[in-house]
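Undergrad: Numbering (full-length UniProt numbering), first residue to last: 1 to 142.
The beta carbon of each residue, even a glycine, is placed where N, CA and C say it ideally should be.
Once you've had a glance at the structure underneath, I'll fire off some questions.
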């Protein structure tokens with residue numbers, strides 16, 4: 001499964017738009033992130049319809065779904081159901097079947113702009129850190 005976009009929703013928290021390339025994905029399923037080797041659990045599976053999302057139990061290969069519950073997965077990540085020891089084998093199989101599938105994690109281009117962001121007071125530093133973490137999760141090139 002390839003996560004091609006992550007957004008943050010106030011009610012549902014992070015939502016990951018993903019395409020399932022093989023097998024199926026179900027609610028409460030635990031997957032392994034190929035980039036970090038961390039385990040991630042899916043809380044809910046949604047089928048997107050414009051601005052609406054239908055809550056479903058399972059999505060099959062070839063479909064696009066919106067998933068909630070990931071703690072660290074971000075745009076560009078590939079998640080697999082196999083154990084950590086077989087991730088490389090599973091990724092090689094996927095790459096042979098789908099040669100256009102990118103490598104896990106997005107390669108960020110070199111920066112062309114630098115800036116410093118500061119808060120007016122220390123009391124708002126945690127809010128800024130949280131916002132910057134969410135933005136980076138949505139766009140790993142930042």
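Cutting at 8 Å between CB atoms, please list the residues of its own chain near residue 46, excluding the five before and the five after it.
TA: Position 46 of the chain shown, counted from the start, is the residue given in the question as residue 46. 15, 53, 54, 55, 56, 65, 66, 67, 68.
Undergrad: Tell me whether residue 25 is buried or exposed, calling it buried when 16 or more other Cβ atoms sit within 10 Å of its Cβ.
TA: As a first step, residue 25 is located in the chain shown; it is residue number 25 there, counting from the start. Classification for residue 25: buried.
Undergrad: Which residue comes first and which comes last in the alpha helix (DSSP H) that contains residue 129?
TA: Working through the chain shown from its first residue, we reach residue 129 at position 129. Per DSSP, residue 129 belongs to the alpha helix (DSSP H) from 125–138.
Undergrad: Where residue 75 and residue 120 are concerned, what is the direct C-alpha to C-alpha distance, given to the nearest angstrom?
TA: Here residue 75 is taken as the residue at index 75 of the chain shown, counted from 1. Here residue 120 is taken as the residue at index 120 of the chain shown, counted from 1. Residue 75 and residue 120: Cα-Cα distance of roughly 31 Å.
Undergrad: Could you pull out every residue in the same chain whose Cβ sits closer than 6 Å to the Cβ of residue 30, ignoring the five residues on either side in sequence?
TA: Reading the chain shown from its first residue, position 30 is the one you call residue 30. Excluding residues within five positions, the ones whose Cβ falls inside 6 Å are 39, 41.
Undergrad: So, for residue 137: in the same chain, excluding its five sequence neighbours on each side, which residues have a beta-carbon less than 6 Å away from its beta-carbon?
TA: By one-based count along the chain shown, residue 137 stands at place 137. Excluding residues within five positions, the ones whose Cβ falls inside 6 Å are 6, 74.
Undergrad: Using DSSP with H/G/I as helix, E/B as strand and the rest coil, what is residue 58?
TA: Working through the chain shown from its first residue, we reach residue 58 at position 58. Correct three-state label for residue 58: strand.
Undergrad: Tell me the DSSP secondary structure of residue 96 in three-state form.
TA: Sequence index remark: in the chain shown, residue 96 carries index 96 (1-based). Three-state DSSP puts residue 96 in a helix.
Undergrad: Look at the alpha carbon of residue 80 and the alpha carbon of residue 111, and state the distance between them as a whole number of angstroms.
TA: Walking along the chain shown from the start, residue 80 turns up at place 80. Walking along the chain shown from the start, residue 111 turns up at place 111. Cα to Cα, the separation comes out at about 31 Å.
Undergrad: Leaving out the 5 sequence neighbours to the left and right, which residues in its chain are closer than 7 Å to residue 2 when beta-carbon positions are compared?
TA: On the chain shown, residue 2 is found 2 positions in, with the first residue counted as 1. Within the same chain, residue 2 has close Cβ partners 18, 19, 21, 78, 101.
Undergrad: Using three-state DSSP, classify residue 40 as helix, strand or coil.
TA: Here residue 40 refers to the residue found at position 40 when the chain shown is read from its first residue. Three-state result, residue 40: strand.
Undergrad: Expressed to the nearest angstrom, what Euclidean distance is found between the alpha-carbon atoms of residue 32 and residue 48?
TA: In the chain shown, counting from the first residue as 1, residue 32 sits at position 32. In the chain shown, counting from the first residue as 1, residue 48 sits at position 48. Distance between the alpha carbons of residue 32 and residue 48: 23 Å.
Undergrad: Is it true that the CB of residue 36 sits closer than 8 Å to the CB of residue 58?
TA: By one-based count along the chain shown, residue 58 stands at place 58. By one-based count along the chain shown, residue 36 stands at place 36. Going by C-beta atoms, residue 58 is not nearer than 8 Å to residue 36.
Undergrad: Considering Cα atoms alone, identify which of 70, 9, 27, 126 is closest to residue 60.
TA: Start at 1 with the first residue of the chain shown, and residue 60 comes out as number 60. Of 70, 9, 27, 126, the residue nearest in Cα terms is 27.
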